[in-house]
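**Student:** Would you mind keeping the following structure in view while I ask a few things?
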Amino acid sequence: MKKVLSIFIFSIIFFFAAQLVFAQEKMATDEALLSKTPTPIDYQLPYPGLLPDSPLYFLKIFRDRLIDFLVADPLKKAELSLLQADKRLSSGQALFAKGKKELAESTISKGENYFEQGILKLKEAKKQGMDTKGLLEKFALSVKKHQEIVADLIKQASGDVKKRLENLDKRILEFEKQVSLLSPK
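Take the sequence shown: its position 71, counted from the start at 1, is 208 in our numbering, and no numbers get skipped.
See below:
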């Protein structure tokens with residue numbers, strides 16, 4: 138009888154202890170789902186180099202345009218456009234941190250023009266039968282990083298800059314759709 142009673146008490150304690158552990162795990166999972174802090178996109182932006190507020194910035198622009206002119210392969214041109222878009226985003230982020238919000242927004246906007254050119258070159262490369270899978274994945278990650286950074290800047294901005302950044306955010310959302318349409322299913 139003592140043995141049965143011991144097993145019964147042990148079973149009850151085990152049952153309640155297990156319920157407590159599962160309840161704690163469920164609460165931790167629920168808290169993780171409820172905390173709306175999105176995980177940062179794992180995509181490294183390039184170092185921006187000279188910023189548009191530098192008196193020597195025109196040299197960088199000249200160099201970039203010369204390289205763009207010399208590259209003929211649509212896949213390489215798409216990759217170069219992505220690099221330029223990412224550099225402009227990185228520059229805009231640095232300018233925003235310096236308090237030059239108007240110049241930051243303008244720089245990011247010009248970078249999105251490069252992003253759009255890159256998508257067009259990707260489409261051209263795909264029509265020519267080139268393997269675009271790797272670069273498409275890079276574009277997909279980059280567009281998410283662009284969204285993440287612009288959304289963060291929108292929170293910090295005000296007035297006209299905020300409105301223009303919100304318009305940029307909508308434009309980037311369109312880029313995301315275009316990139317996903319190019320991706321193989």
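Every residue, glycine too, gets a C-beta built ideally from N, C-alpha and C.
Please report the distance separating the alpha-carbon of Glu313 from that of Leu240.
**Tutor:** Each residue's Cα considered, the two are about 25 Å apart.
**Student:** Round the Cβ separation of Lys237 and Val298 to the nearest angstrom and send it over; I've been treating them as touching at under 8 Å.
**Tutor:** Contact doesn't hold; Cβ gap of about 10 Å is too wide.
**Student:** With a CB to CB cut of under 6 Å and the five nearest residues on each side skipped, what residues in its chain are close to Gly229?
**Tutor:** Excluding positions up to five away in sequence, the list reads Ala241, Thr244, Ile245.
**Student:** Taking the C-alpha atoms as reference points, what is the distance between Leu278 and Leu212?
**Tutor:** Approximately 17 Å between the Cα atoms of the pair.
**Student:** Report the rounded CA-to-CA distance for Gly300 versus Val287, giving the unit in angstroms.
**Tutor:** According to the sequence shown, residue 300 is Lys rather than Gly. Whole-angstrom Cα-Cα distance: 12 Å.
**Student:** Could you confirm whether any beta carbon from chain D is found closer than 7 Å to the beta carbon of Leu257?
**Tutor:** The structure shown has no chain D; it contains just one protein chain.
**Student:** Measuring alpha carbon to alpha carbon, tell me which residue in Phe206, Phe233, Ser218, Gln181 is nearest Pro189.
**Tutor:** For Pro189, the nearest C-alpha among the options comes from Phe233.
**Student:** Considering just the uninterrupted stretch of the alpha helix (DSSP H) at Ile198, what are its terminal residues?
**Tutor:** Looking at the DSSP string, the run of the alpha helix (DSSP H) that includes Ile198 is 194-207.
**Student:** Could you check how far apart the C-beta atoms of Glu249 and Leu305 are, in whole angstroms? I think they sit under 8 Å.
**Tutor:** That pair is a contact at about 6 Å.
**Student:** Taking C-alpha atoms, which residue in Asp289, Glu285, Pro321, Glu311 lies nearest to Asp179?
**Tutor:** Comparing Cα-Cα distances from Asp179 to each of Asp289, Glu285, Pro321, Glu311, the minimum goes to Glu285.
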